[in-house]
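Peer 1: Protein chains in written order, with the numbering used here: chain A, 207 to 765; chain B, 207 to 765.
Mind having a look at this structure? Questions to follow.
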């Protein structure tokens, strides 16, 4: 660690994940103001929806600020392999170019993402758990094992000349996590004993009042369910929740069922976990082809699509069949998962499709078949107590979570501050203060192009979806006179309205009328002409169909 | 009641509400097959969403089957005034033309809907509660008071020559409903004592395992909250939940707060309830203008928008201010409501906006500030026991609810059948059987036009939202030769892609190339030309931006 200079400062800047759940990307800096050396913690994505981002493939943070300072980045540290923490690495690495550090399983996934993004996977370095420390400029960074819903999740200990920081990453307090390391209170006490300046802490479940439950609470109920079901059992959970997949598979085996994995992510994650040695004692799986010949009561399918995703195995089964496998009356479908807010419509859709087939759908309404991967309120209190930070900065939460988490910290007597994306916090002194507001936002991966969320492209799509689209074309001849009538095409609009005549006919007649009366000045001026034609088109549509559509006018001039 | 003839049959046909929650519309018929006399129970709407119905204003059932038999309709019976039961009356009455029957408060709302739809409100008849009976052809229909989340909800007793039917409408078992009649077990016993052939029963909460709670359980907690809050309190619930609005208002008064109603529906519903005498003891309200001059700690706003609706008062307050009223640090916003599945995104959005203002947002996570208006599983069991029907047909539920409800009925020893929209059930004999499948569906009110859900209009909008839209225009001269280059306009697509040149330039160049090489046969054939230009446009876009857009081609021929 470098010695502390009087003018140096320690900064924290979330570029994603603070004010939202998803798209985590946090920056720490230390040095002279404006030339701090930087590290990045996590580089995740979030997912589009029809309401705000139709047609978008993936949502990434805006890293323009970071890219402009790429020569100052000492390293990128990934806490765990969930998409909202690692998903952007293969899209952005070329613009940042710093070494990537992670624990073994996470590094394994990171290397694949680098390869898929066209980058050399040598940039990814595997780090052993604490007490191993990566030296990155003025920072020393160690990975402390924590329980979560994916193997090898880590909290980071970040030592700086201004003091020790702890970045919790995603975590829960689980002493019996089925796969991976249990939460180690003694270890955290030892890390905290010489004082922690700031704790950046997961806020996801700050509104959940009861202590979190352990992954090990589930096998009994799940096994009972698999035994009592008389038909095929199909279960879904996040593929990356290796402990859960193992629990489900072992329960299936205990109930005399062969296990078949469906969905690319499910197969790949289990392969990854076996390859890296994270997972052992997993039952031998059967292929979908073999599964077809097994009696229903002896079969368990473990499938992707717990969030109702349209292309996942669960949705395909709901639509009819997948790889020759088909659900039927008397089968059971288990959601060993929670529906993420916003995904309800998709999940309910497949539930009803299964119901129509006569399948019993079991979700987690009763709390028997799923536990959360995040610390509930009492567990957050416990971590705060163990770490005893001078300052608590909540992260991994919407604004309401961050605000509640600061309240909670203050109840415990800790200093706290709500820091949202783009808010650069100066942590040098005893009290945190906002140093600067950085322009941040979202980048959309749209097809193969990265576009800005505010470029207007997606806004135009939403407008077409809400209002429909009218295309007006017309020709102006060499003498600046209209040649023939204007021509209209409609998309996403009813063909007839109030007057029962074709909407395009009425539009063409009214636009033609206007052109007949239009003066030379208008006919010579494309902008003016376009403006008038748009206005008339919208008025006619308002009269006829009660809607003002988007209008594109194309004026072709012969010359 | 007419005598029963041997060949006559009794039928039940849901056109909406069976296989979905919303858009209720049920038909009963009695008579010779194919010429039954009909009654309609409820004529409701459901609401659009961006995923499946962007730009649509309202979703109504498809009543084509009913309209084709309008001379056989004896009456339309409305169980209560929720939009999903009454909302289509002003849109459809002209196509059906039968008398409308409802209890006083519901009839009051129905009359307004008729007037708004341009129909004479004399068609609406107020019916006193059971034992008053409306004679409607072979049917005798009585309205039995039931508790729900709106005043004067009613279950219908429908006497037919084939036996007595009970149509529960929406209900809960509440012995202390704050406003309106308590659930009357003795009355239902007396109705059931001579035997009920079929119970059509609300299924909404069949998955809720605990007994339902009473509206009267809430005032204590709500009053305590209003007293302990140091700033302004803003509370939202469905405006039609008059009992809840009253509870909130009385709690506000008890906490020394003046009450101000915000949002058109809120003001109008309270006026309706006062006018009809349904509501009494309601505190005097202050206008928004006066509210501005009242100390925050002495003010309670009751506002529309419990589902996060974009134009409601809650959303306007979340966006900044509404009628000069503005929330601030230390104020409290209470959702005395449940978020309907699918509305989570909108609700969460305003929660976070309030959080950013420093407002404490309280929702019903703890169950202290809201009770459901529907019967939970144990309450359904109780109603089944009281009615002792020979057959139970679940309604008002998605497929999974209907299926579970039939299971529940069978556990109790009742016959049951899942009947979804379009399934005509013959109830004449002891066992229900499917008589026919009727084509049903959804009608969209889109601006001022009613369109079919499957007309392709909304599908085109969704496609433009997902894929963007390219417009290609070109001119062909008198000799069937291209005149100048084709012209492209894009909407909802990035301006540049892989090759960094403008997408429209690349498109125009490639399309121009094609036209130069095109043979006479192609140039003379509009369809062929359009097909080729579309294909090239989509290919170029796939190469450049990784997306295949919707394409409209306009070929103008000079002649």
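Every residue, glycine too, gets a C-beta built ideally from N, C-alpha and C.
Computed from a predicted structure; not experimentally measured.
For the alpha helix (DSSP H) that residue 744/A lies in, which residues bound it at each end?
Peer 2: Residues 732-751.
Peer 1: To which residues of the same chain is residue 458/A closer than 6 angstroms at the C-beta, ignoring the five residues directly before and after it?
Peer 2: If we look at residue 458/A and ignore the five residues flanking it on each side, its Cβ neighbours are 432, 465 and 506.
Peer 1: Buried or exposed: which applies to residue 601/A, given that a residue is buried once 16 or more other Cβ atoms fall within 10 Å of its Cβ?
Peer 2: Classification of residue 601/A: buried, given that the 10 Å Cβ count is 16 or more.
Peer 1: To the nearest angstrom, how far is the alpha carbon of residue 453/B from that of residue 306/B?
Peer 2: Their backbone Cα atoms lie some 32 angstroms apart in a straight line.
Peer 1: Chain B partners of residue 671/A, CB-CB under 8 angstroms?
Peer 2: Ordered by position in chain B, the residues that pass the 8 angstroms Cβ test against residue 671/A are 256, 260, 261, 667, 668, 670 and 671.
Peer 1: What does DSSP give as the partner residues of residue 489/B in its beta bridges?
Peer 2: Residue 489/B pairs with nothing; no bridge assigned.
Peer 1: At a cut of 8 angstroms, does the region 499-518 of chain A reach the region 534-545 of chain A through at least three beta carbon pairs?
Peer 2: Counting Cβ pairs under 8 angstroms, three or more are found: they touch.
Peer 1: Write down every uninterrupted run of the beta strand (DSSP E) in the region 545-629 of chain A whose length is 3 residues or greater and which is fully enclosed by it, in chain order.
Peer 2: List check, beta strand (DSSP E) in window: 566-568 and 595-601.
Peer 1: Return helix, strand or coil for residue 686/B, following the three-state DSSP convention.
Peer 2: Three-state DSSP puts residue 686/B in coil, outside helix and strand.
Peer 1: According to the neighbour-count rule (16 or more other Cβ atoms, all chains shown, within 10 Å of its Cβ), is residue 485/B buried or exposed?
Peer 2: Residue 485/B should be labelled buried.
Peer 1: Step through the CB atoms of chain B and report whether any lies within less than 7 angstroms of the CB of residue 207/A.
Peer 2: Any reading at residue 207/A must be qualified, since the residue scores a pLDDT of 49, below 50, and its modelled position is unreliable; no value is offered.
Peer 1: For residue 655/B and chain E, any beta-carbon pair shorter than 7 angstroms?
Peer 2: Among the protein chains of the structure shown, namely A and B, there is no chain E.
Peer 1: Assign residue 520/A to one of three DSSP states: helix, strand, or coil.
Peer 2: Three-state result, residue 520/A: helix.
Peer 1: Compute the beta-carbon to beta-carbon distance between residue 733/B and residue 263/B, rounded to the nearest angstrom, for a pair I have assumed lies under 8 angstroms.
Peer 2: Wrong, their Cβ atoms sit about 35 angstroms apart, outside the cutoff.
Peer 1: Within 7 angstroms of any Cβ in chain B, is that where the Cβ of residue 366/A sits?
Peer 2: No - not a single Cβ of chain B is within 7 angstroms of the one on residue 366/A.
Peer 1: Any Cβ of chain B within less than 7 angstroms of the Cβ of residue 558/A?
Peer 2: With 7 angstroms as the cut-off, residue 558/A counts as an interface residue toward chain B.
Peer 1: What does residue 301/A reach in chain B if we use C-beta pairs closer than 7 angstroms?
Peer 2: Result: empty, since nearest Cβ-Cβ is about 16 angstroms, beyond 7 angstroms.
Peer 1: Decide if the region 358-369 of chain A is in contact with the region 292-304 of chain A; the criterion is three or more beta carbon pairs, one per stretch, under 8 angstroms apart.
Peer 2: No, the region 358-369 of chain A does not touch the region 292-304 of chain A.
Peer 1: Alpha carbon to alpha carbon, what distance is there between residue 291/B and residue 413/B?
Peer 2: Going from the Cα of residue 413/B to the Cα of residue 291/B covers about 22 angstroms.
Peer 1: In chain order, what residues of the same chain have a beta carbon less than 6 angstroms from the beta carbon of residue 215/A, not counting five sequence neighbours either side?
Peer 2: Cβ within range, chain order: 239, 632 and 634.
Peer 1: Between which two residues does the beta strand (DSSP E) harbouring residue 360/A extend?
Peer 2: 360-366 is the extent of the beta strand (DSSP E) around residue 360/A.
Peer 1: Among residues of its own chain, excluding the 5 on either side of residue 340/B, which ones have a beta-carbon nearer than 8 angstroms to its beta-carbon?
Peer 2: Only 281, 283, 307, 331, 333, 346, 347 and 348 meet the Cβ criterion.
Peer 1: Would you identify the three-state DSSP class for residue 286/B, choosing helix, strand or coil?
Peer 2: Reduced to three states, the DSSP call for residue 286/B is coil.
Peer 1: Do we get a CB-CB distance below 7 angstroms when we pair residue 609/A with the residues of chain B?
Peer 2: Output row for residue 609/A: interface = yes.
Peer 1: Count the other CB atoms within 10 Å of the CB of residue 534/B; is the residue buried (16 or more) or exposed (fewer)?
Peer 2: It counts as exposed.
Peer 1: So, with DSSP's three-state summary, where would you put residue 680/B?
Peer 2: Strand, per DSSP.
Peer 1: If contact is defined by three or more beta carbon pairs under 8 angstroms, each pair taking one atom from either stretch, is the region 422-436 of chain A in contact with the region 486-496 of chain A?
Peer 2: Segments in contact, no.
Peer 1: Pull out every residue of the region 377-410 of chain B whose Cβ sits closer than 7 angstroms to any Cβ of chain A, in chain order.
Peer 2: Listed by position along the chain: nothing, the set is empty.
Peer 1: Rounded C-beta distance between residue 316/A and residue 295/A? I'm assuming under 8 angstroms.
Peer 2: Contact holds; Cβ gap of about 6 angstroms.
Peer 1: Buried or exposed, going by whether 16 or more other CB atoms sit within 10 Å of the CB of residue 726/B?
Peer 2: It counts as exposed.
Peer 1: Quick one, are the C-beta atoms of residue 593/B and residue 398/B less than 7 angstroms apart?
Peer 2: It is a contact, given that the beta carbons lie within the stated cut-off.
Peer 1: Would you identify the three-state DSSP class for residue 754/A, choosing helix, strand or coil?
Peer 2: Correct three-state label for residue 754/A: coil.
Peer 1: Should residue 682/A be flagged as near chain B, meaning a C-beta pair shorter than 7 angstroms?
Peer 2: It does not: the Cβ of residue 682/A has no partner Cβ on chain B nearer than 7 angstroms.
Peer 1: With DSSP run on the structure shown, which of helix, strand or coil describes residue 727/B?
Peer 2: Note: residue 727/B maps to helix in three-state DSSP.
Peer 1: Does DSSP put residue 763/A in a helix, in a strand, or in coil?
Peer 2: Three-state DSSP puts residue 763/A in a strand.
Peer 1: Any residues in the region 262-274 of chain A with a beta carbon nearer than 7 angstroms to a beta carbon of chain B? Which ones, in chain order?
Peer 2: Listed in sequence order: no entries.
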